[in-house]
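Working notes, beginning with the structure itself.
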Amino acid sequence: MTKIAADLQTIAPGINYKTVSRYTGILERLFAVEAIPPWSGSLKNRANLRRSPKYVLADPSLATAVLRATPPALFADLQTAGFIFEATVLHDLAVTVEALGGSLNHFLDSNGNVIDAILTLPDERWATIEVKLGGGAAEAAALKLPRVSQSIDTTKQPAFMAVFTGTGLTRKFENGVITFPLAALAP
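6 is the number of the first residue of the sequence shown in the numbering used here; add one for each residue after it.
Okay, here's the thing in structure tokens:
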């Protein structure tokens, strides 16, 4: 909430943590935003886990409507398109994993290690997911995922590690990470 308040200072000078927290609570109750809880596992490297939820729009199309974002505008602003794409993937993953009785979390530690999504199922299987709009960024994410996944102290290795992309082919790297476009996500 403190970071959000700081980010809003240019358009809402003087906004504080309490106000942002109150507004976020209202948006959650209206089902406009969803809080993705942080991963609560322990770490082998003893880095401190960040315990703040990650907030995403419940329906990413809200952002495109509010921004009046047309396809040409999004192609011209790939950073914004990437945020909207990530929110779309997280939404679809949450729907899928929750239907299986599982949960969606995010991961961030004090060493700056980030995983966009960790899926867990009731039988204790888990998976790590990175989200990259462009297929070109998938390779760097695929190389990072095993290293960060190994820092998570669990008795089992991830059932799979994947990088969701906006476009591109399905590819399996030598380290076991699979990349595929969002369109490949199906029951």
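Even glycine gets a Cβ: it sits at the ideal position worked out from N, Cα and C.
For clarity, every value in this text was computed on a predicted model and none was experimentally measured.
With C-beta atoms as the reference, is residue i less than 8 Å away from residue j?
i      : j      : result
ALA189 : THR175 : yes
LEU138 : PHE90  : yes
VAL102 : LEU109 : yes
ALA143 : THR85  : no
Write down the C-beta distance between residue i and residue j rounded to the nearest angstrom, noting that I regard them as a contact closer than 8 Å.
i      : j      : result
VAL94  : VAL25  : Wrong, their Cβ atoms sit about 25 Å apart, outside the cutoff.
HIS111 : ALA122 : 6 Å
ASP113 : PRO42  : This sequence places Leu at residue 113; Asp is not what is there. In fact, because the Cβ distance is near 12 Å, the residues do not count as touching under 8 Å.
PRO151 : THR170 : In fact, because the Cβ distance is near 18 Å, the residues do not count as touching under 8 Å.
LEU67  : ALA37  : 7 Å
ARG58  : ALA40  : The sequence as given places Pro at residue 58; Arg does not occur at that position. Yes, they are in contact, since the Cβ atoms of PRO58 and ALA40 sit about 4 Å apart, within 8 Å.
Count the other C-beta atoms from every protein chain shown that fall within 10 angstroms of the C-beta of residue i, then say buried if there are 16 or more, exposed otherwise.
i      : result
VAL71  : exposed
VAL100 : exposed
ALA146 : buried
ILE157 : buried
LEU148 : exposed
ASN50  : Confidence at ASN50 is low in this model, with a pLDDT of 49, below 50, so the placement of that residue is unreliable and no value is reported for it.
THR69  : buried
GLY107 : buried
LEU98  : buried
ALA92  : buried
SER154 : buried
- Task: Take every Cβ of the region 124-135, pair it with every Cβ of the region 61-75, and state whether three or more of those distances are shorter than 8 Å.
- Result: no
- Message: If contact is defined by three or more beta carbon pairs under 8 Å, each pair taking one atom from either stretch, is the region 152-168 in contact with the region 130-143?
- Response: Touching, yes, given that three or more Cβ pairs across the two stretches are closer than 8 Å.
- Is it true that the region 12-27 meets the region 75-86, where meeting means three or more beta-carbon pairs spaced less than 8 Å apart? no
- Query: What are the uninterrupted segments assigned as beta strand (DSSP E) that are 3 or more residues long and contained completely in the region 43-97, given in chain order?
  - Reply: Taken in chain order, the complete beta strand (DSSP E) segments of 3 or more residues contained in the region 43-97 are 59-62.
- Please list the segments of the alpha helix (DSSP H) lying wholly inside the region 91-175, counting only runs of 4 or more residues, in order along the chain. Within the region 91-175, the complete alpha helix (DSSP H) runs of at least 4 residues are 143-155.
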